[in-house]
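Okay, so the sequence shown: first residue is 5 according to this note's numbering, each after it adds one.
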Amino acid sequence: PYARHTTTNLRNATRRLAALGAPLDRAALISTNPDQSRYIASATFADRNQTELGYQPGRIGARLSPTQVLFQPSAASLRIDPSDPLDP
Numbered sequence: 005p006y007a008r009h010t011t012t013n014l015r016n017a018t019r020r021l022a023a024l025g026a027p028l029d030r031a032a033l034i035s036t037n038p039d040q041s042r043y044i045a046s047a048t049f050a051d052r053n054q055t056e057l058g059y060q061p062g063r064i065g066a067r068l069s070p071t072q073v074l075f076q077p078s079a080a081s082l083r084i085d086p087s088d089p090l091d092p
């Protein structure tokens, strides 16, 4: 309920991983449809993260398949933005 787009989904996924004790220095796997996977791996998505969040929620790695992308979470996602009403 706290994500508007893939940008905030990745931010929130990073927070959830941290809450579960997952090491943020290890890659996670994003599994999605081919179009979304391609978008996540694009420079357009990186630009959107910078515009909407002011930072990258993590580093997007290689596309392992048409539906899988590596994601290295960033500790920058752990900071809550008090000016964003949908940032829990």
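Here a beta-carbon is modelled for each residue, glycine too, at the ideal position from N, C-alpha and C. Computed from a predicted model, the values in this text were never measured in an experiment.
Between the CA atoms of L21 and I44 - distance to the nearest angstrom: 19 Å
Residue nearest to A17 in terms of C-alpha spacing, selected from S69, D29, G62, P70: G62
Backbone secondary structure at Q40 - three-state DSSP: helix
Exposure of P77, with buried meaning 16 or more beta-carbon neighbours within 10 Å: buried
Distance between F75 and R30 (C-alpha atoms, nearest Å): 9 Å
Meets three-Cβ-pair contact criterion under 8 Å: the region 8-17 and the region 39-59: yes
Cβ-based burial, L90 [other Cβ within 10 Å; buried from 16]: exposed
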